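Accompanying notes for the structure given below.
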Amino acid sequence: MACCTGRRPNIVIFGIDSLSADHMSCYGYPKLTTPHLDELSYEGTLWERYYSPHIPTTSGYAGMLTGRDVFGTQVVALRHQGPMRAEVPTLAEILGAAGYNTTSIGFEGNPAARGFQKYINFSGWGSWEQRPSRKAENLNEVTVPEISRLAGEDKPFFMLLRHMDPHSPYLPPSPYDRLFYHGDETDPENHSLDGMWAFKPFCDYFAAWMPPGCTDAEYVNAQYDGAVAYMDACIGVLINQLDTLGILDNTIIVITADHGETLDEHDCWYDHHGIYDNTLHVPMIIRYPAKVAGGQRVPGYCFHKDLVPTILELAEVETDAQFDGTSLMELASGDVASHESEFYITECTWMRKHGWRTPEWKLMVALEPDFHFKPGIELYNLVTDPLENTNVAEQNPDIVATLRGRLEAHVARRMAETGLPSPIENQGDWHGIAGLGPFKTSQQAFDTLHIGDPGQAQRLQAESRK
Ligand SMILES: [Zn+2]
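Start counting at 1 in the sequence shown, then tack on 36, and there's your number in this note's numbering.
As structure tokens, then:
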């Protein structure tokens, strides 16, 4: 610390794409997937119920990096067109104005990526032919020299790292591909992937990166876990570098994700659509020994909109910017249990839905028919059915009506407070097909939506950059 007295802390956000909290050992996952991140949680504070309420990538990062909810950002769709509203500053802009050097690693073009002084990219995709995909090593290759450069400057730095390892394609190198799997992934007697191969919108994409003849969902699930563990080890490299440079304790380290991931659950197949908890529940760990207690776990409900106010409080940076969230340190200090324990959720990925989540219930309302042929209304009891496998909407019309009333009241209140529209309800060609408008049937959505290869997936994410 002596070397850094009087200098504002550096800030490093690991904004990991598609990392589900529920697959991290420090969040109770029974496999040891994240030993290095676990260590950060022991040395810092972990928020147990931190949610990305507006999925997927484009809207998730928008909330994470502005301190605003979906009404504040007006960014709800994966294929969002245009920039962030000019009235909404990004964290990079706020910190740059406060005298920080700012660098983005692997995150460019997203509305919330506006305002970094420097953008550095790395290869974060892959295919079966090109296996393995050393995404995190590619990231480290460009990040290690950048940390060295920034550490030698007179100014503090802010760095955002967007890891791509747990994002498909899941192709971790050895030994991580076999760390959590010890069977025969092409066993013809195994039928756990039959539904996936029959899912026409995605099956060509999966064929481009899964082993030929793959039959076992447990194998693919283990590749996700292996990719998480591989990335975790590579993050250890960067933490050790900060330590070796003598700047670790004067750096605010944040671990979070834009959204989680669905594996073989809910028929959503290795993606991050569906507003089930596995896509909404993401990690939040902060290590900063000067102000954040070590070994603390905070149970209250909190959200991406809370992160920017937290960082500015910890770094003692003043701003005129308005936020919809509140510093997470209020929950950590015990002054407040939760500001909100029920909340509004949206997705505009391969489906267009919104919903309302309370500690006991999850309501999902489809705004148009979806490509999974799911019912327009889903209701889950999160106490008796935390994995959300049994839709009980028909048996509980009164609860559906109550929750729907709360959802609509929240939307009306936020529209009145912001003077802005409800963004999920204004997404005519969110699917990317000009002039088509909303889907009229699930069959139309099933026949229309398609992704063919990892290159197409990469281009799809890049479309949000227009
Ligand atoms: Zn993402």
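Ideal placement from N, C-alpha and C gives every residue a C-beta, glycine not left out.
Predicted model only: the values in this text are computed from it and were never measured.
- It is roughly 26 Å from the alpha-carbon of ARG495 to the alpha-carbon of ASP268.
- Short note on PRO92: C-beta closer than 8 Å to some heavy atom of ligand 1.
- A buried status is given to ILE288, since no fewer than 16 other beta-carbon atoms sit within 10 Å of its beta-carbon.
- Look at the beta carbons and you see the region 474 to 483 touching the region 404 to 413: at least three pairs across the two are nearer than 8 Å.
- Relative to the Cα of ALA234, the nearest Cα in the group TRP305, VAL273 and LEU281 belongs to TRP305.
- Beta-bridge partners of GLN332 (DSSP): THR81.
- Take MET387, set aside five residues on each side of it, and the residues of its chain with a beta-carbon closer than 6 Å to its own are HIS309 and ASP406, in chain order.
- The nearest non-hydrogen atom of ligand 1 is 8 Å or more from the C-beta of SER204.
- If you look at CYS239, you'll find it in the alpha helix (DSSP H) that goes 236 to 243.
- Relative to ligand 1, ASP53 has its C-beta within less than 8 Å of a heavy atom.
- DSSP places ASN226 in the coil class of the three-state scheme, outside both helix and strand.
- Contact annotation, THR179 with LEU197: C-beta distance approximately 6 Å; criterion of less than 8 Å satisfied.
- In the three-state reduction of the DSSP assignment, VAL124 falls in the coil class, being assigned neither a helical nor a strand state.
- Rounded to the nearest angstrom, the gap between the Cα atoms of ASP201 and PRO208 is 8 Å.
- Straight-line spacing of the CA atoms in GLU225 and CYS250 works out to 11 Å.
- Along the region 52 to 106, the beta strand (DSSP E) occurs as fully enclosed runs of 3 or more residues at 81 to 87, listed in sequence order.
- DSSP, reduced to helix, strand and coil, places MET200 outside both helices and strands of the structure shown, so it counts as coil.
- Residue range 433 to 454 is occupied by the alpha helix (DSSP H) that includes GLU444.
- Taken atom to atom, the span from the alpha-carbon of ALA402 to that of ALA357 is near 34 Å.
- Beta-bridge annotation (DSSP): ALA253 is not paired with any residue.
- Contiguous alpha helix (DSSP H) elements confined to the region 143 to 198 occur at 171 to 187, taking only those with 4 or more residues.
- Note on GLN110: 16 or more other CB atoms within 10 angstroms of its CB, so buried under the neighbour-count rule.
- Around the beta carbon of VAL419, fewer than 16 other beta carbons lie within 10 angstroms, which makes this residue exposed.
- Remark: three or more beta-carbon pairs, one from each stretch, lie closer than 8 Å, so the region 322 to 329 and the region 75 to 82 are flagged as touching.
- THR94 sits away from THR126, with the two beta carbons spaced by 9 Å or more.
- For the pair GLN153 and ALA128, the CB atoms are nearer than the 9 Å cut-off.
- Exclusion of HIS408 from the 8 Å shell around ligand 1 follows from its C-beta lying no nearer than that to any non-hydrogen atom of the ligand.
- In the three-state scheme derived from DSSP, where H, G and I count as helix and E and B as strand, TYR266 is classed as helix.
- Of the residues THR69, GLU84 and HIS59, the one whose Cα lies closest to the Cα of GLY331 is GLU84.
- In this structure, DSSP gives PHE482 a helical state, which the three-state scheme calls helix.
- A heavy atom of ligand 1 is found nearer than 8 Å to the CB of HIS295.
- Pairing VAL290 with PRO345, the inter-Cα distance amounts to about 13 Å.
- Under DSSP, ALA402 shares a beta bridge with LYS389.
- By the beta-carbon neighbour count (other beta carbons within 10 angstroms, threshold 16), ASN314 is buried.
- GLU254 and GLY219 do touch by the CB rule: their CB atoms are close to 7 Å apart, below 8 Å.
- Under the DSSP assignment, GLU383 falls in the beta strand (DSSP E) whose first and last residues are 379 to 384.
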